[in-house]
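In full-length UniProt numbering, the protein residues as written are 1 to 202.
Virtual Cβ for every residue (Gly too), placed ideally from N, Cα, C.
See structure below.
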Amino acid sequence: MERGRSSKNQGATKSTTNKSKTTTGKKDHQSLLRKFFVEELQDIYWAEKHLVKELPKLQKAATTDELADAFGDHQAATEEHVSRLEDVFKMMGETPKAKKCEAMEGLVKEAQSIIEDTEEETATRDVALIMAEQKVEHYEIATYGSLVQLAKTIGMNEVADVLAETLQEEKEADELLTSIAESSVNEQGATEEGSEGEGEDE
Ligand SMILES: [Fe+2]
Ligand SMILES: [Fe+2]
1 MERGRSSKNQ GATKSTTNKS KTTTGKKDHQ SLLRKFFVEE LQDIYWAEKH
51 LVKELPKLQK AATTDELADA FGDHQAATEE HVSRLEDVFK MMGETPKAKK
101 CEAMEGLVKE AQSIIEDTEE ETATRDVALI MAEQKVEHYE IATYGSLVQL
151 AKTIGMNEVA DVLAETLQEE KEADELLTSI AESSVNEQGA TEEGSEGEGE
201 DE
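Set out below in structure tokens:
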């Protein structure tokens with residue numbers, strides 16, 4: 001694994017054993033990347049379908065209407081992400097297939113345990129839900145960001161455009177959650193911790 005070591009004192013006697021595959025390996029390299037790309041599509045396809053089922057539970061668990069609406073809207077967007085991925089599979093000449101995404105399963109489990117660990121009808125519940133959902137969005141942003149680049153690399157520019165639409169929507173969802181947290185929920189959550197006023201009268 002250690003490739004970066006440069007040794008200036010190396011003798012010349014053994015230096016002729018290097019094999020370079022750079023000229024012959026190009027086609028294989030391309031098809032391996034394509035294969036990897038399709039596998040990653042299967043992974044995010046599973047993840048999006050899983051989220052379609054799970055987002056309504058987060059919506060139901062939310063305390064404020066604002067957050068519940070955000071989950072509802074993103075659930076609709078997520079259904080669109082699923083159908084976009086089906087389009088992408090078609091554009092690639094592949095049958096849509098879902099491969100279990102362990103990472104997303106874990107992130108969703110974390111969201112579920114947050115629901116169990118926080119009290120209903122509290123702002124703290126919403127703070128925790130936002131945090132859990134932002135982890136999900138960041139996972140999606142990382143995935144789609146890489147997939148867009150990879151699609152371009154393998155010459156599938158139209159596929160890249162479709163995936164970039166979803167990437168943009170994931171970013172918008174993340175920003176909306178940030179603004180909900182910053183505008184009200186976090187402060188309300190802080191009040192719930194029972195902090196006493198410091199003589200401010202209004
Ligand atoms: Fe999504
Ligand atoms: Fe998302």
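Query, Result
"When the Cα atoms are used, what is the spatial distance from E40 to T143?", "8 Å"
"Taking the CB atoms as reference points, tell me whether K135 and V82 lie closer together than 8 Å.", "no"
"Looking at T78 and ligand 3, is the gap between the Cβ and the nearest heavy atom below 7 Å?", "Ligand 3 is absent from the structure shown, which contains only ligand 1 and ligand 2."
"Within the continuous alpha helix (DSSP H) that includes E105, where are the two ends?", "E102 to D117"
"Between the alpha carbons of I114 and A132, how many angstroms are there, rounded?", "8 Å"
"Where does Q42 land, buried or exposed, given buried means 16+ other C-beta within 10 angstroms?", "buried"
"Give me the Cα-Cα distance between E94 and F37, rounded to the nearest whole angstrom.", "12 Å"
"Distance check for D161 and T63, CA to CA, integer angstroms please.", "36 Å"
"For E86, count the other beta carbons within 10 Å of its own beta carbon; 16 or more makes it buried, fewer makes it exposed. Which is it?", "exposed"
"The alpha helix (DSSP H) that contains A173, what's its start and end?", "N157 to I180"
"Start and end of the alpha helix (DSSP H) containing G145?", "A123 to T153"
"Tell me which same chain residues have a C-beta within less than 7 Å of the C-beta of E170, skipping the five on either side of it?", "E137, E140, I141 and Y144"
"Measure the Cβ-Cβ separation of A123 and V185 and say whether it is below 8 Å.", "yes"
"Is it buried or exposed for D126, if we count other Cβ within 10 angstroms and need 16 for buried?", "buried"
"Residues in its own chain within less than 7 Å of L163 by CB, not counting five upstream and five downstream?", "V88, Y144, L147, V148 and A151"
"Spatial neighbours of R34 within its chain, please: CB distance less than 7 Å, with the 5 preceding and 5 following residues excluded, ordered by chain position.", "I154"
"If contacts are defined as beta-carbon pairs under 8 Å, then M91 and E158 qualify, I think. What distance do you get, rounded to the angstrom?", "6 Å"
"Do the CB positions of L58 and L129 come within less than 8 Å of each other?", "yes"
"Give me, in chain order, the residues of the same chain whose beta-carbon lies closer than 6 Å to that of T191; leave out the 5 immediate sequence neighbours on both sides.", "none"
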